[in-house]
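Read left to right, the sequence shown gives residues 68 to 230 (our numbering). C-beta atoms are modelled at their ideal positions from N, C-alpha and C, and glycine is treated no differently. Read the structure below first, then the notes.
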Amino acid sequence: SGHGVVPLRDVADVKSSFAPVWTRATANGKPAVLIDVYQQPDGNTVQIINQTRAEMKKIKSKLPAGVAVKLWYNQGHVLMESAVSVRDAVIVGIVMAVLVLLVFLRNWKTTLMAAMVVPAALATTVLLLYLLNMSFNIMTLGGMAAAVGLIIDDAIVMIEHII
């Protein structure tokens with residue numbers, strides 16, 4: 068009925084103990100500490116990886132002997148492999164488009180003019196991305212690969228209009 072003090076022992080069992088471990092990180096069977104580095108939407112993955120490695124070297128020099136600092140997962144490696152794959156897809160797309168144009172148009176001059184438009188358009192795209200300080204990532208590479216067919220189609224329409 069009153070607003071007096073209620074001792075904790077009257078409402079709970081109190082004992083000393085350790086907090087439960089809900090997650091445990093190990094590396095090669097030894098305790099480990101995981102540090103996640105997240106990229107901001109406008110971040111450059113390759114720069115972030117390079118800066119992270121530089122920081123890891125600084126940290127490692129300050130740690131006691133026997134403590135290892137290792138990069139566990141590198142998204143930059145995945146990005147570079149994907150970029151190579153997209154580049155190869157663009158090259159194959161250009162070669163296939165040139166072959167199809169040559170078979171149907173039977174004209175080397177028209178085929179070469181259409182084929183030269185693709186590298187020029189892609190180079191212009193890369194230049195504009197750089198000048199506008201925009202992100203160059205897997206999505207932009209994929210968009211460029213998908214645009215190859217559209218670029219060639221537009222080039223053919225323009226060439227036919229001129230000729």
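Problem - Three-way DSSP call (helix, strand, coil) for A190 in this model - result: If DSSP states are grouped into helix, strand and coil, A190 belongs with the helices.
Problem - DSSP state of T112 mapped onto helix, strand, coil - result: DSSP places T112 within a helical segment (H, G or I) once states are collapsed to three.
Practice task
Would you decide whether T178 is buried or exposed? Buried here means 16 or more other CB atoms lie within 10 Å of its CB.
Solution key: Classification of T178: buried, given that the 10 Å Cβ count is 16 or more.
Exercise for the section: Classify T178 as helix, strand or coil using the three-state DSSP reduction. Expected result: Secondary structure of T178 (DSSP, three-state): helix.
Exercise for the section: Could you tell me which of K97, G209 and V136 sits nearest to A150, measuring between CA atoms? Expected result: Residue G209 is the option with its Cα nearest to A150.
Practice task
Classify A94 as helix, strand or coil using the three-state DSSP reduction.
Solution key: Here A94 sits in strand by DSSP.
Problem - Sequence-distant residues of the same chain with beta carbon closer than 6 Å to T119, five excluded per side - result: Residues V104 of the same chain have their beta carbon placed closer than 6 Å to that of T119, with the five preceding and five following residues left out of the count.
Practice task
Kindly indicate the opening and closing residues of the alpha helix (DSSP H) around L172.
Solution key: Residue range Q142 to L172 is occupied by the alpha helix (DSSP H) that includes L172.
Problem - Cβ pair V193, I218 closer than 8 Å - result: No, they are not a contact pair.
Exercise for the section: May I ask you to verify whether the stretch 107–124 touches the stretch 136–155, counting CB pairs closer than 8 Å and requiring at least 3? Expected result: The way I'd put it, the stretch 107–124 does touch the stretch 136–155; three or more beta-carbon pairs between them come closer than 8 Å.
Handout entry: Straight-line Cα distance separating G143 from S84
Key = If you take the alpha carbons of S84 and G143, they lie about 43 Å apart.
Problem - Span separating the alpha-carbon of I94 from that of D220 - result: For the record, residue 94 in the displayed sequence is Ala; it is not Ile. Between A94 and D220, the C-alpha separation is close to 53 Å.
Problem - Beta-carbon gap between A156 and A181 smaller than 8 Å - result: Contact flag unset, no.
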